[in-house]
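Novice: Take this structure, written in structure tokens, and hold onto it; I'll ask about it next.
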Amino acid sequence: MISIDRVTKKYGDFTAIENLSMQVPEGSIYGLVGYNGAGKTTLLKSVAGVYGICSGSITVNGKNTFTSPEIRQKMFYVPDEIYFEPFSTIEKMAKLYAGYYPGFSFSTMDKLCGVFKLDKKAKLNSFSKGMQRQAEMILGMSTMPDVLLLDESFDGLDPQKRNLMNGMIVDYVAERNCSVIISSHNLHEISDICDRVALINGKNIVLDCSVDDVSANRCKFRLAFAEEKTQADFSGFDIKKFKGDGKIVTLSLRGNEEENEEKLRQMNPLLLEKFPLTLEEIFLEEMEDSDYDFKEIFS
Amino acid sequence: MITVDKQSRVPVYEQIKNQIITFIRLGIYPADSKLPSIRQITSETSVNVNTIKKAFAELELAGVIYTVPGIGSFVSKKALDNEAVTAKVKREITDAFRTAASLGVSKEEVSEILNKIYKEGDK
């Protein structure tokens, strides 16, 4: 169990995260989403014990990750920017990691290299970005971690490797009851493999819920009316987003989906369509101002 | 006001085409009225211009809309009787009834739902 309790991290005058709390139980894969520079990497590095935090506490099974080396031996962090020593190979890196992680399994590493078809004697710096990421993931899984922290780890992977990686993470978690935090911009992927998702919007978490409940209490409707409508006609609703051009209106509403639908039907629309919101749409709604008409700039 | 579901299995140009047909059927775009421009739909949906052009081209080929160069696209006079428009509706209704049948819904239950919906419309 990873417990992040009221954590604040500042760089000089700049506050990256403030009073942030979340918990990741065992066997859970937690998706961390947020805009560029929202504080995802800061949070992951703080959990990994790379950064000391200014206030609050981060513990894994009750032990502070910054001050307890023994807990870090059960934890693996895959950074966004991977660095390998010049001339190193998967085999050499494995020996290095085995010295630090008591649980390191060479047989797991061999098998995974076979699955991903990576040559463990080849120089890592000759690998492409996606291959380096696979190599680092293979090494990480071979340390048999209880906590896995992945920062944009699906970046640069081809669809087939992505699929393999997804399967590897899900199976590992099911088998070893590991806790995982994944930061990603691929919201589609997060909804595929994660069971919970947290949305960081500048220093703090604005949405923290199970992936199945993401679209609960919000729904998108598209309506068409015989006469023109403006936003004022929908004053009885909790509107999150309104887009209208005369007779056709698209609405994002909060509140009970069925009640909203019933109320909308009473306005006698010619057409009523209902769409559950995807994680991507919720992300865009929370971020606001993401719609911009670039036509004006380019014309 | 066209919306596109990029995760849908229905091709994007098909989604755009279907929506324009629906709006024509509902009378929101009456005969000879001007359709939103391709450029406008691009801005609204962030879909590639050529994809939208393809949807418009197919509608034009089917005779549902016509284009006046330099001005825009308009709804054809007889769009409502157009085969492409009526075929779409029939296809959708057939699909819906097939789904009902495969879900084990009886003919009586279907007509019960049908009566209820049409009654609501009369109010």
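Chains A and B, in that order, give the protein sequences. According to this note's numbering, the residues represented by the first sequence are 1 to 299, in order. According to this note's numbering, the residues represented by the second sequence are 300 to 422, in order. Note that the Cβ used here is the ideal one computed from N, Cα and C, for glycine as well.
1. Below 8 Å on C-beta distance, what does LEU270/A contact in chain B?
2. Could you pull out every residue in the same chain whose Cβ sits closer than 8 Å to the Cβ of VAL384/B, ignoring the five residues on either side in sequence?
3. Can you tell which of GLU91/A, THR143/A, CYS219/A, TYR97/A has the C-alpha that lies nearest to the C-alpha of LEU118/A?
4. Assuming ASN349/B is part of the alpha helix (DSSP H), what are its boundary residues?
5. Between the Cα of PHE87/A and those of PHE14/A, VAL173/A, ASN125/A, spot the shortest distance and give me the residue it belongs to.
6. Which of the three DSSP states, helix, strand or coil, is assigned to CYS194/A?
7. Spell out whether any CB of chain A is found under 8 Å from the CB atom of THR302/B.
8. Could you tell me which residues DSSP pairs with ILE17/A in its beta bridges?
9. Is the CB of THR321/B under 8 Å away from at least one CB in chain A?
10. Under 6 Å Cβ to Cβ from VAL60/A, same chain only, skipping five residues before and after it: list those, please.
11. With distance defined between alpha-carbon atoms, name the residue in ARG133/A, SER55/A, ILE248/A nearest to SER21/A.
12. Between PRO306/B and chain A, is any beta-carbon pair separated by less than 8 Å?
13. If I measure Cβ to Cβ from TYR172/A and keep anything under 7 Å in the same chain, skipping five residues before and after, which residues do I get?
14. LYS418/B: beta carbon under 7 Å from a heavy atom of the ligand FMN?
15. Could you list which residues in chain B have their beta carbon closer than 7 Å to that of HIS185/A, in chain order?
16. Distance, Cα to Cα, GLY27/A vs MET144/A?
17. Suppose only complete runs of 3+ residues qualify. What are the beta strand (DSSP E) ranges in the segment 250-277 of chain A, listed by chain order?
18. In terms of residues, what are the limits of the alpha helix (DSSP H) holding LEU44/A?
19. Express the C-alpha separation of ILE416/B and LYS422/B in angstroms, rounding to a whole number.
20. For ALA226/A, does the three-state DSSP call read helix, strand or coil?
21. Using a C-beta cutoff of 8 Å, does ARG254/A count as contacting chain B?
22. Compare the beta carbon distance of THR344/B and TYR312/B with 8 Å and say whether it is the shorter of the two.
23. Give a yes or no on whether the C-beta atoms belonging to ILE58/A and VAL47/A are separated by under 8 Å.
24. Less than 8 Å separating the beta-carbons of PHE221/A and LEU264/A?
25. What number of angstroms, rounded off, separates the C-alpha of GLU227/A from the C-alpha of LEU270/A?
26. Between the C-alpha atoms of CYS209/A and ALA216/A, what's the straight-line distance to the nearest angstrom?
27. Is there a Cβ from chain B that is less than 8 Å from the Cβ of ALA224/A?
28. So, do the segment 248-268 of chain A and the segment 158-177 of chain A have three or more beta carbon pairs nearer to each other than 8 Å?
29. So, helix, strand or coil for LEU402/B, using DSSP?
30. Could you check where the alpha helix (DSSP H) with MET165/A kicks off and where it finishes?
31. Is PHE154/A closer than 8 Å to ASN186/A when the C-beta atoms are compared?
32. Consider the Cβ of ILE248/A: report whether some Cβ of chain B lies at a distance smaller than 8 Å.
33. Given that a residue counts as buried once 16 or more other Cβ atoms are within 10 Å of its Cβ, and exposed if not, what is LYS229/A?
34. Terminal residues of the continuous alpha helix (DSSP H) containing MET137/A?
Specialist: Taking the structure as given:
1. By one-based count along the first sequence, residue 270/A stands at place 270. In chain order: LEU325, GLY326, ILE327.
2. Counting from one through the second sequence, the residue named residue 384/B turns up at place 85. Cβ within range, chain order: ILE320, ILE323, ARG324, VAL363, ALA378.
3. In the first sequence, the residue the question calls residue 118/A occupies position 118. The shortest C-alpha separation from LEU118/A is found at GLU91/A.
4. Walking along the second sequence from the start, residue 349/B turns up at place 50. That run of the alpha helix (DSSP H) goes 348-360.
5. Position 87 of the first sequence, counted from the start, is the residue given in the question as residue 87/A. Measuring from the Cα of PHE87/A, the nearest candidate turns out to be ASN125/A.
6. Position 194 of the first sequence, counting from 1, holds the residue named residue 194/A. Reduced to three states, the DSSP call for CYS194/A is coil.
7. Along the second sequence, one-based indexing puts residue 302/B at 3. Taking Cβ atoms only, chain A reaches closer than 8 Å to THR302/B, which makes this a yes.
8. For the purposes of this step, residue 17/A is taken as residue 17 along the first sequence, with counting starting at 1. Note: ILE17/A sits in a beta bridge opposite LYS9/A, LYS203/A.
9. Walking along the second sequence from the start, residue 321/B turns up at place 22. It does; some Cβ of chain A falls within 8 Å.
10. In the first sequence, residue 60/A corresponds to position 60, counting from 1. These residues qualify, in order along the chain: ILE2, ILE71, VAL147.
11. Translated into positions along the first sequence, residue 21/A becomes position 21. Here the closest residue by C-alpha is SER55/A.
12. Position 7 of the second sequence, counted from the first residue, corresponds to residue 306/B. The residue asked about is misnamed: residue 306/B is Gln in this sequence, not Pro. It does: the Cβ of GLN306/B has a partner Cβ on chain A nearer than 8 Å.
13. The residue you call residue 172/A lines up with position 172 of the first sequence. Closer than 7 Å at Cβ, skipping near neighbours: MET141, CYS178.
14. Absence of the ligand FMN from the depicted structure is noted, as is the absence of any ligand whatsoever, leaving it without description.
15. Locating residue 185/A in the first sequence gives position 185, where the first residue counts as 1. Per Cβ cutoff of 7 Å: no residues; HIS185/A is ~15 Å from chain B at best.
16. Residue mapping note: residue 27/A aligns to position 27 of the first sequence, counting from 1. Residue mapping note: residue 144/A aligns to position 144 of the first sequence, counting from 1. Each residue's alpha carbon lies about 14 Å from the other.
17. 271-275
18. As a first step, residue 44/A must be located in the first sequence, where it is residue number 44. 40-47 is the span of the alpha helix (DSSP H), which, as asked, contains LEU44/A.
19. If you number the second sequence from 1, residue 422/B lands on position 123. If you number the second sequence from 1, residue 416/B lands on position 117. Bear in mind that a pLDDT of 49 at LYS422/B, under 50, signals an unreliable position, so the model cannot answer this.
20. In the first sequence, counting from the first residue as 1, residue 226/A sits at position 226. ALA226/A falls in the coil class under three-state DSSP.
21. Position 254 of the first sequence, counted from the start, is the residue given in the question as residue 254/A. No, ARG254/A lies away from the interface with chain B (no Cβ there is under 8 Å from its Cβ).
22. Residue numbering aside, residue 344/B sits at position 45 when the second sequence is read from its first letter. Residue numbering aside, residue 312/B sits at position 13 when the second sequence is read from its first letter. Cβ distance not < 8 Å, so THR344/B and TYR312/B don't count as in contact.
23. As a position in the first sequence, residue 58/A is number 58, starting the count at 1. As a position in the first sequence, residue 47/A is number 47, starting the count at 1. Cβ atoms of ILE58/A and VAL47/A: closer than 8 Å.
24. For this step, residue 221/A is matched to residue 221 along the first sequence. For this step, residue 264/A is matched to residue 264 along the first sequence. It is a contact, given that the beta carbons lie within the stated cut-off.
25. If you number the first sequence from 1, residue 227/A lands on position 227. If you number the first sequence from 1, residue 270/A lands on position 270. Rounded to whole angstroms, GLU227/A to LEU270/A spans 10 Å at the Cα level.
26. For the purposes of this step, residue 209/A is taken as the residue at position 209 of the first sequence. For the purposes of this step, residue 216/A is taken as the residue at position 216 of the first sequence. Between CYS209/A and ALA216/A, the C-alpha separation is close to 10 Å.
27. One-based indexing of the first sequence puts residue 224/A at position 224. Closer than 8 Å: yes.
28. no
29. Counting from one through the second sequence, the residue named residue 402/B turns up at place 103. It is coil, neither helix nor strand.
30. Working through the first sequence from its first residue, we reach residue 165/A at position 165. Unbroken alpha helix (DSSP H) run through MET165/A: 159-176.
31. Position 186 of the first sequence holds residue 186/A. Position 154 of the first sequence holds residue 154/A. Yes.
32. Taking the first residue of the first sequence as position 1, residue 248/A is located at position 248. Closer than 8 Å: yes.
33. Locating residue 229/A in the first sequence gives position 229, where the first residue counts as 1. So LYS229/A counts as buried.
34. As a first step, residue 137/A must be located in the first sequence, where it is residue number 137. Its alpha helix (DSSP H) spans residues 129-142.
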